[in-house]
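In what follows, a single structure is set out as structure tokens and then discussed.
2 protein chains.
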Amino acid sequence: MPKLDQSLLSGLPPFSLLQPQQIREILDHAVSRRYEEGATIFREGHDADRFYLLLDGYLRVVRTTPGGDQIIVLHISPGQLFGIAPALQRATYPATSIAAAESIALSWPAGLWPEFVSSYPGFATESYKTLGQRLGQIQETLTEMATQAVEKRIACALLRMANQSGRKTAEGIEIAFPVTRQNISEMTGTTLHTVSRLLSAWQKDGVVQSTRKHIVVTDPHRLVILSGIQS
Amino acid sequence: MPKLDQSLLSGLPPFSLLQPQQIREILDHAVSRRYEEGATIFREGHDADRFYLLLDGYLRVVRTTPGGDQIIVLHISPGQLFGIAPALQRATYPATSIAAAESIALSWPAGLWPEFVSSYPGFATESYKTLGQRLGQIQETLTEMATQAVEKRIACALLRMANQSGRKTAEGIEIAFPVTRQNISEMTGTTLHTVSRLLSAWQKDGVVQSTRKHIVVTDPHRLVILSGIQS
DNA sequence: TCCGGAGTTTGTTTCAGAGCAACGTTTGGT
DNA sequence: ACCAAACGTTGCTCTGAAACAAACTCCGGA
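Chains as they are written, first to last, in our numbering: chain A, 1 to 231; chain B, 232 to 462.
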């Protein structure tokens, strides 16, 4: 178990109002674990017995259809709570979460949630705020999926990843975790073939630059235009 | 303002644990309003200054794209809280809600939410439970949208409406509020043309029976098969 | 009773994108 | 250093569903 430090939590919104003593309490009850790329943190349908906080890395939250198709519902970045089904009175997790890159997460038993909410000021507020954002985000994805053509959906997906995890580099905005064409197709409800073709075309146009599992958005502005977002 | 009665609330999950005195308090702060079919309760992007409870009728929760396309994110049935953006620390509503049939709703100022949560036992728990279900439901719709063909999506949409608002009649399960082909197309991300064709075909096969704005599922079992759900 | 608009049906045309197939390339394990 | 597996590319075909077009039917209001 890695060494845990107060500073890990004190900078994060759900815990930022707390006293050092309280943070110590929280860490005392936490289990810390490292997950390799591709490892599963919890599975859809399993007992929702813990809730989690991602310290480092990136996660994919994934649902599988009875037919075996997968789709990526959202990504989790460091500092975010996830697997908070227990807070919503759910008996089981509604989706699977998988490490997109090597990741570290803390977790607590589900039974501790009410205690966190009542004992730690701002914790409930911040958690439900996150939840609200997530709900809004999914609604947006749904809308997009229902109304936009494949090309725009893929552009949006790239922009969303760039926004959430983008590192600025000399060439452009680099997506901070490994992404395959298959992954993008699972975010947009298309096939890896179509994604591959589009990415090639965009690369030719100088909008993106990609090697296997690694994407840099070289011309964000043009991608925004392709995504069809206006404002 | 219609007359409000204790029994209106005492049977609903968020309030079922409360004392008559507490319910009286809640009603004292509530505003009750009637909405005609097609009326807007609140609009996407507007200040989230109230939260609501649907007493009677049915609502559509709708999002509009910059391009002017609409999609129906979910339906609200009597007894459900809605417009609870304030509870999620959102400044604005993320979607528009429209009365699908003549409806009656109570509402309270956003500022009262924290008080409800702290004063009324079980209120927070039940509300967040509803929220969890809704999140799960939207994730499911998203998955469906991303992986299933139009025919299956429409079958699923019909089943969902039948489930949520179905009245058992001699002919089958009747959807309790007015639905146009256009509406169904907005739930499934297709065109009213495609919906019309499919509904006609299914009518010929004896699976559904529909007149304008009114649908009865005559053979639910066959519709389940068409929807591709297995278990 | 007639009119107009909202909702529905049906036919035809068109094309984006899925499906299939085959091949190329990178990567990590032994 | 090699091999196998994972990942990516590209061409071709074919179909599901959108787009376009044109009536038809029902309903409420003047």
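No residue lacks a Cβ here, since even glycine has one placed at the ideal position from N, Cα and C.
Query, Result
"Chain B partners of A/His189, CB-CB under 8 Å?", "Before going on, a small fix: residue 189 of chain A reads as Gly here, not His. Under the 8 Å cutoff, chain B gives Met376, Ala377 and Thr378."
"Looking at C-alpha atoms only, which residue of A/Leu223, A/Lys168, A/Thr64 and A/Ile173 is the closest neighbour of B/Glu375?", "A/Thr64"
"Comparing the C-beta of A/Asp49 with each C-beta of chain B, is any distance below 7 Å?", "no"
"Tell whether a beta-carbon distance below 7 Å holds between B/Phe273 and B/Ile315.", "no"
"Less than 7 Å between the C-beta atoms of A/Ile72 and A/Met161, yes or no?", "no"
"For a test of the three-state rule: what should DSSP assign to A/Gln230, helix, strand or coil?", "coil"
"Please report how far the alpha carbon of A/Ile229 lies from the alpha carbon of A/Ser185, in whole angstroms.", "20 Å"
"Three-state secondary structure (DSSP) at B/Lys399?", "strand"
"Please name the residue, chosen from A/Ser10, A/Leu88, A/Ile154 and A/Leu81, that lies closest to A/Thr190 on a Cα-to-Cα basis.", "A/Ile154"
"If we require 4 or more residues per run, which alpha helix (DSSP H) segments fall completely within the region 46-134 of chain A?", "113-119"
"For B/Gln224, which residues in chain A fall below 8 Å Cβ to Cβ?", "Residue 224 of chain B is absent from the structure shown; chain B starts at 232 and stops at 462."
"Which bits of chain B does A/Leu158 rub up against, with CB to CB less than 9 Å?", "What A/Leu158 touches in chain B: nothing, since even the nearest Cβ is about 17 Å away."
"Anyone know if the C-beta pair for A/Ile173 and A/Pro220 falls short of 7 Å?", "yes"
"Which bits of chain A does B/Tyr359 rub up against, with CB to CB less than 8 Å?", "Ala87, Leu88, Gln89 and Tyr128"
"Can you tell me which residues form a DSSP beta bridge with B/Ser441?", "B/Ile446"
"Any beta carbon of chain A sitting closer than 7 Å to that of B/Leu249?", "no"
"Alpha carbon to alpha carbon, how far is A/Ala48 from A/Gly111?", "10 Å"
"Report yes or no: do three or more beta-carbon pairs, one from the region 79-96 of chain A and one from the region 27-35 of chain A, lie closer than 8 Å?", "no"
"Mind checking whether B/Ala331 and B/Arg291 have CB atoms under 7 Å apart?", "yes"
"Between B/Trp339 and B/His260, which are expected to be in contact by the criterion C-beta below 8 Å, what is the C-beta distance as a whole number of angstroms?", "6 Å"
"Thinking C-alpha only, which one of B/Ala336, B/Thr411, B/Pro297 and B/Pro352 is nearest B/Ala388?", "B/Thr411"
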